[in-house]
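Chemist: First the structure, which I've put down as structure tokens, then a few questions once you've had a look.
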Ligand SMILES: [Fe+2]
Ligand SMILES: [Fe+2]
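Numbering (the working numbering), first residue to last: 37 to 456.
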């Protein structure tokens, strides 16, 4: 038996074969049909599409044979890939290369073999399309041409397979890239949202320092607003936004001079008015102020609105709404616009209750906190006058949560509705 030498371009030939990614793949119809066609065209029992690998030949398609591969040493096809055209062995028993080949002297007792090399567009013989019969026979010139033609059809199939595989890979790549892009966009969006919220937090801090030196009033109002909003049935996102925006309710105080804003006498009068249960708390404080101071204090809503007005980010628009309307009163006697009822945005009506409750129930340098029952009585005095009854009801309904929040903020624990 003569073992076929390896071609001079063996390593490139193997690379070309492997590029098709056909080895050890399941049967495919295109190849099977060509094999069936060859079997009936040439009237042979066995037809193979053989891919000649390093040390074996593996059959991508076959008919009339059970084996799926043989060793390269015994393969007739190992000789065919050395040729540029069809190799015919009319009777293997009389051919010096094959007469003692195990496939000739034993199963399946090959006698006739005709193989056409599978020549890739790059010129590499990666395997064969071969016909096998178990009786000696010949192959006409015409049949050799037909076999060559069919072999080129097999190569076309391999090319199709390759391109389909490439297309699939390309598609997967596109999907992967678009997934990565989506992730990138989501990350950037999160960054932008986070940055915006951080800017709001910085602004809120400025408001905190202007209002009281601990900053806790702003944090408490924020938490109360979130809780009341939730009690009123608003979605979690709206509650969160309202709580953050409420931190800026008094941002306009940035524009009020210290000698007016921090005048203890004014605040005392203000608290006094609250304690007496005056419905019109605004006038109680304002009546005792110099005209100039009055207009300055009442202007903090407009100043706040002016600071926030230019933003078109929804959170800033909400903050502007709250800054502008948190001193409006349900009966229309508030400031700065004298809005009444539902003409006052819900955010302003909620903040009004939260703001007044906190002013009453907190210690200030010039006064002690009023007992909660007293604060509630004062708020109830303002029912329908200063405060929206529905908001007041919601406030009462979530009072326990509000008092808990107050304790936690005092202990320095971050509230869910005033988180950074
Ligand atoms: Fe205010
Ligand atoms: Fe306030």
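C-beta: ideal position from N, C-alpha, C; glycine also.
On a predicted model such as this, the values are computed, not experimentally measured, just so you know.
1. So, is residue 49 buried or exposed, given that buried needs 16 or more other C-beta atoms within 10 angstroms?
2. Using alpha carbons as the reference points, say which of 347, 354, 355 and 392 lies closest to residue 363.
3. Which word fits residue 150, buried or exposed, when buried means at least 16 other C-beta atoms lie within 10 angstroms of its C-beta?
4. Does ligand 2 have even one heavy atom less than 7 angstroms from the beta-carbon of residue 261?
5. If you measure from each residue's Cβ to the nearest non-hydrogen atom of ligand 2, which ones come out under 5 angstroms, in chain order?
6. Can you say whether residue 424 is buried or exposed, counting buried as having 16 or more other CB atoms within 10 angstroms of its CB?
7. Roughly how far, in whole angstroms, is the beta-carbon of residue 169 from the beta-carbon of residue 133, given that I think they are within contact range, below 8 angstroms?
8. Would residue 153 be called buried (16 or more neighbouring beta carbons within 10 Å of its own) or exposed?
9. For residue 422, is the beta carbon positioned less than 7 angstroms from some heavy atom of ligand 1?
10. Of the choices 183, 161, 216 and 238, whose alpha-carbon is the least far from that of residue 167?
11. Within 10 Å of its beta-carbon, does residue 123 have 16 or more other beta-carbons around it, so buried, or fewer, so exposed?
12. By the three-class DSSP mapping on this structure, what secondary structure does residue 93 have?
13. Roughly how many angstroms separate the alpha carbons of residue 91 and residue 177, rounded to a whole number?
14. Looking only at DSSP bridge pairs, what is residue 439 linked to?
15. Within a Cβ cutoff of 8 angstroms, which residues of the same chain sit near residue 242, ignoring the five residues on either side of it in sequence?
16. Using DSSP's beta-bridge definition, name the partner residues of residue 281.
17. Please go through the segment 353 to 402 and give each complete alpha helix (DSSP H) segment of 4 or more residues, from N-terminal end onward.
18. Span of the alpha helix (DSSP H) holding residue 113?
19. Buried or exposed for residue 196, please, with buried defined as at least 16 other CB atoms from any protein chain shown within 10 angstroms of its CB.
20. So who's on the other strand from residue 149, going by DSSP bridges?
21. CA-CA distance, residue 66 and residue 106?
22. Between which residues of its own chain and residue 340 is the CB-CB distance below 6 angstroms, once the five residues before and five after are set aside?
Modeler: For this structure:
1. Per the 10 Å Cβ criterion, buried.
2. The option with the nearest alpha carbon to residue 363 is 392.
3. Under a 10 Å Cβ-count criterion, residue 150 is classified as buried, with 16 or more other Cβ atoms of the shown protein chains found around its own Cβ.
4. Residue 261: no, Cβ never under 7 angstroms from ligand 2.
5. What you get when you keep residues with a C-beta closer than 5 angstroms to any heavy atom of ligand 2 is 286 and 391.
6. A residue is called buried when at least 16 other Cβ atoms come within 10 angstroms of its Cβ; residue 424 meets this threshold and is buried.
7. At roughly 18 angstroms, the Cβ-Cβ gap does not stay under 8 angstroms, so residue 169 and residue 133 are not in contact.
8. Around the beta-carbon of residue 153, 16 or more other beta-carbon atoms lie within 10 Å, marking it buried.
9. Checking the Cβ of residue 422 against ligand 1 gives no.
10. The residue with the shortest Cα to Cα distance from residue 167 is 183.
11. Counting of Cβ neighbours within 10 angstroms places residue 123 among the buried residues, the total reaching 16 or more.
12. Strand, per DSSP.
13. Between residue 91 and residue 177, the C-alpha separation is close to 32 angstroms.
14. The partner list for residue 439 (beta bridge, DSSP) is empty, contrary to what the question assumes.
15. Excluding positions up to five away in sequence, the list reads 287 and 290.
16. DSSP output for residue 281 lists no bridge partner at all.
17. Within the segment 353 to 402, the runs of alpha helix (DSSP H) at least 4 residues long that lie entirely inside it are, in chain order, 382 to 397.
18. Run containing residue 113: 113 to 116, per the alpha helix (DSSP H) assignment.
19. Exposure of residue 196 is indicated by the presence of fewer than 16 other C-beta atoms within 10 angstroms of its C-beta.
20. DSSP lists 125 and 168 as partners of residue 149.
21. Spanning the two alpha carbons is a distance of roughly 23 angstroms.
22. Excluding residues within five positions, the ones whose Cβ falls inside 6 angstroms are 287, 288 and 359.
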